[in-house]
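In terms of my numbering, the sequence shown is residues 2 to 153.
Cβ atoms here follow ideal geometry from the backbone N, Cα and C, with glycine treated the same way.
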Amino acid sequence: WEIILGKYLACVFLVFLSIVPTFVYYYSVSQLGMPKGNLDVGATWGSYLGLFGLGAVFVSIGVFCSSLTTNQIIAFMLGLFLCGFFYDAFASLSRLPVFYGSNDALVESLGISYHYASVSRGLIDSRNVIYFGSMIIAFLALTKFSLEKRKW
């Protein structure tokens with residue numbers, strides 16, 4: 002677990018460091034507003050938290066994909082596919098006639114974009130936090146399983 006968590010936390014810290022410089026834009030827009038500070042603070046900070054959660058889930062998917070193969074390019078392509086799939090595929094699947102009715106909302110709620118959109122509106126709901134946390138834990142557990150399987 003130490004190696005997996007070390008790699009994961011280092012990458013999540015890199016995601017955090019890439020978000021920090023954008024605080025300059027938040028401050029600038031806040032100061033330029035009429036009147037000063039006229040900004041939807043809840044939606045802005047919700048978007049930041051959602052972006053951080055999105056990055057954390059994508060990192061866990063990437064760490065899992067890198068555990069499946071020794072080729073970095075294959076791991077990148079697989080990670081890119083899985084991130085795109087979990088972000089948008091469930092919203093697209095929910096629009097199929099098979100899921101029309103009561104199941105379309107359930108299928109759509111399985112995707113990351115559904116939860117990210119909710120958080121970016123400034124609504125920090127426990128369902129979204131649990132979703133992001135469970136996705137991270139699931140992919141880190143799959144990473145551990147993949148690495149243990151490789152030892153044999």
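- By the 16-neighbour rule on beta-carbons within 10 angstroms, I131 is exposed.
- Comparing alpha carbon positions, the residue from F146, K152, E149 and R122 closest to L52 is R122.
- Put simply, the region 83-97 does not touch the region 11-30. Fewer than three CB pairs are less than 8 Å apart.
- For L111, there is no enclosing alpha helix (DSSP H), as DSSP marks it with neither H nor E.
- Here the alpha carbon of L40 sits roughly 23 Å from the alpha carbon of H116.
- I125 and F87 do not touch by the CB rule: their CB atoms are close to 21 Å apart, not below 8 Å.
- By the beta-carbon neighbour count (other beta carbons within 10 angstroms, threshold 16), N129 is buried.
- Close CB contacts of Q73 within its chain, under the 8 Å cut and outside five residues either way in sequence, are with S67 (chain order).
- Taking a contact to require three or more Cβ pairs closer than 8 Å, the region 132-144 and the region 52-63 qualify as touching.
- For R151, the uninterrupted alpha helix (DSSP H) run begins and ends at S127 to K152, by DSSP.
- The Cβ-Cβ distance between L15 and V64 does not fall below 8 Å.
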